[in-house]
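Residue numbers (the working numbering): 1 to 134.
Backbone N, C-alpha and C define an ideal beta-carbon position, used for all residues, glycine too.
Worksheet: one structure, shown below.
This is the structure:
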């Protein structure tokens with residue numbers, strides 16, 4: 001019989017050491033889930049990507065600029081329409097502010113809720129991968 005532990009943290013170093021499966025949440029909603037490798041090496045949601053870029057890397061000699069997530073988290077007493085991350089997302093589109101995104105699949109366990117992956121979304125030059133199936 002295995003053991004399960006739920007960690008609620010922004011400490012991605014701890015997550016990297018302990019987690020097999022990772023669930024990324026924003027504003028009380030699941031925005032991405034996947035294995036350690038999928039989340040850390042192929043993030044699909046802008047919030048996941050921003051979290052990863054906000055952590056200093058010790059294995060990199062280059063002085064890479066850390067990314068900060070602009071703005072403030074939404075009011076969860078009066079949550080916004082659409083995607084909870086929309087107001088802070090540099091890739092926000094009009095639909096992001098009006099409709100909650102569906103879940104897109106990228107493999108057996110890897111999913112993300114982001115309109116960037118919709119087949120009708122114009123292709124953008126993004127620092128992370130897009131594309132997936134509903």
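Here's the rule: buried if 16 or more other CB atoms are within 10 angstroms of the residue's CB, otherwise exposed. What is residue i?
i          : result
residue 51 : buried
residue 9  : exposed
residue 72 : exposed
residue 5  : exposed
residue 3  : exposed
Under 8 Å by Cβ, that's how I've got residue i and residue j pegged, so tell me the actual separation to the nearest angstrom.
i          : j          : result
residue 67 : residue 86 : The Cβ separation is near 18 Å, so there is no contact.
residue 7  : residue 19 : 7 Å
Excluding the 5 residues preceding and the 5 following residue i in the sequence, name in chain order all residues of the same chain whose CB lies nearer than 6 Å to its CB.
i           : result
residue 89  : 46
residue 92  : 86
residue 111 : 33, 103, 105
residue 80  : 74
Apart from the five residues on each side of it in sequence, which residues of its chain come closer than 7 Å, Cβ to Cβ, to residue i?
i           : result
residue 101 : 83, 113, 114, 115
residue 41  : none
Pull the bridge partners of residue i from the DSSP assignment, please.
i           : result
residue 103 : 113
residue 22  : 34
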